[in-house]
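In short: position in the sequence shown from 1, add 2, done, that's my numbering.
Backbone N, C-alpha and C define an ideal beta-carbon position, used for all residues, glycine too.
What follows is a short report on a single structure.
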Amino acid sequence: MIMQTTSLLSHAPHDCPSPSLYSNPIHTNEEGFFASDILTLNLAAYASQTRVLGPGQRAGVWVQGCPFHCPGCIAPEWIPQVENRRVQVQVLAQQILSTPVTGLTFSGGEPFLQAEALAALARQVRQERDVDLIVFSGFTLEALQSRASASALLEQCDLLVDGGYVARRDTGVGLRGSDNQRFHYLSSRLVDCGYDFERAERGLELHFQESGLLVVGIPAAETQLRLERALAAAQGGI
């Protein structure tokens with residue numbers, strides 16, 4: 003069995019081709035963002051239903067590629083800006099709508115490298131269901147507001163969690179990796195939802211998928227270390 007671990011910044015499937023095998027790395031536009039079309043996403047992982055990425059039952063979407071290299075990142079395999087798994091936005095939207103989710107959570111990788119495609123995904127889902135949207139980004143809101151490429155996704159986003167991960171500021175609580183990351187309510191949809199984003203107890207879920215074991219949630223630093231050791235020991239015994 004191939005094991006895969008993930009949280010809000012998730013590990014790539016261990017059975018994916020290595021970056022060196024790709025002869026055509028993804029091109030970027032003048033701002034350094036992915037030059038992606040709005041019809042497909044370069045996907046890292048997908049969880050059809052989860053309760054640890056925000057209020058209610060949610061679909062989790064992680065994209066491949068990140069311009070940041072935060073020390074202590076728990077998803078180093080998803081940093082390279084290379085092809086992982088291409089999915090059609092329309093197909094993924096229908097998969098999401100086939101489950102009774104009430105919200106979407108986008109992370110990665112870095113969602114704003116594929117802002118237009120993710121915005122299109124949110125719009126397509128919302129054509130049939132009123133869902134809320136949480137987006138995690140290593141960019142600050144101020145940086146995103148200065149980039150035209152980010153506007154489409156910002157318009158769809160209800161709550162933005164911004165800023166890079168800082169290991170020494172990981173308090174072990176709340177829906178963020180470290181307390182330097184800020185919660186920006188970009189609409190009123192989640193303002194009075196009853197969920198305490200800053201102090202919510204963190205949780206982990208195990209999702210058994212064809213590519214392996216997907217662990218979803220935001221682990222405390224010590225929990226992540228214990229989990230990685232357990233997985234390494236289990237893999238060594240396979």
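Cα-Cα separation between residue i and residue j, rounded to whole angstroms
{"i": "V120", "j": "T173", "result": "The residue asked about is misnamed: residue 120 is Leu in this sequence, not Val. The straight-line gap from Cα to Cα measures roughly 30 Å."}
{"i": "T42", "j": "P113", "result": "13 Å"}
{"i": "G205", "j": "L99", "result": "24 Å"}
{"i": "V91", "j": "Q51", "result": "18 Å"}
{"i": "V193", "j": "N44", "result": "31 Å"}
{"i": "A150", "j": "L208", "result": "37 Å"}
{"i": "V217", "j": "A47", "result": "11 Å"}
{"i": "L146", "j": "Q96", "result": "29 Å"}
{"i": "G140", "j": "W80", "result": "14 Å"}
{"i": "A124", "j": "D132", "result": "10 Å"}
{"i": "G111", "j": "R88", "result": "15 Å"}
{"i": "E203", "j": "V175", "result": "6 Å"}
Residue i (DSSP reduced to helix, strand or coil)
{"i": "V133", "result": "coil"}
{"i": "G105", "result": "strand"}
{"i": "G62", "result": "strand"}
{"i": "V163", "result": "strand"}
{"i": "R184", "result": "strand"}
{"i": "V217", "result": "strand"}
{"i": "Q128", "result": "Checking the displayed sequence, the identity of residue 128 turns out to be Arg instead of Gln. Here R128 sits in helix by DSSP."}
{"i": "E200", "result": "coil"}
Sequence-distant residues of the same chain with beta carbon closer than 6 Å to residue i, five excluded per side
{"i": "Y167", "result": "C72, G179, S180"}
{"i": "D134", "result": "G105, D160, R191, L192"}
{"i": "E200", "result": "G176"}
{"i": "E136", "result": "It is worth fixing the name first, because residue 136 is Ile in this sequence and not Glu. Once the five neighbours on either side are set aside, the close Cβ partners of I136 are G56, T107, L161."}
Own chain, CB closer than 8 Å to residue i, minus 5 neighbours either side, in chain order
{"i": "L188", "result": "L156, C159, D160, L161, L162"}
Cβ-Cβ distance between residue i and residue j below 8 Å
{"i": "I40", "j": "E118", "result": "yes"}
{"i": "G219", "j": "V54", "result": "yes"}
{"i": "T107", "j": "G56", "result": "yes"}
{"i": "R171", "j": "V103", "result": "no"}
{"i": "G62", "j": "A77", "result": "no"}
Residue i at chain D interface by Cβ criterion, 8 Å
{"i": "R201", "result": "Here there is only one protein chain, and chain D is not present."}
Cβ neighbours of residue i in the same chain (closer than 7 Å, five flanking residues each side left out)
{"i": "V127", "result": "A95, I98, L99, L106, V133"}
Pair every Cβ in the stretch 149 to 167 with every Cβ in the stretch 176 to 195, then say whether three or more of these pairs are closer than 8 Å. As far as the Cβ criterion goes, the stretch 149 to 167 touches the stretch 176 to 195, which means the pair count is three or higher.
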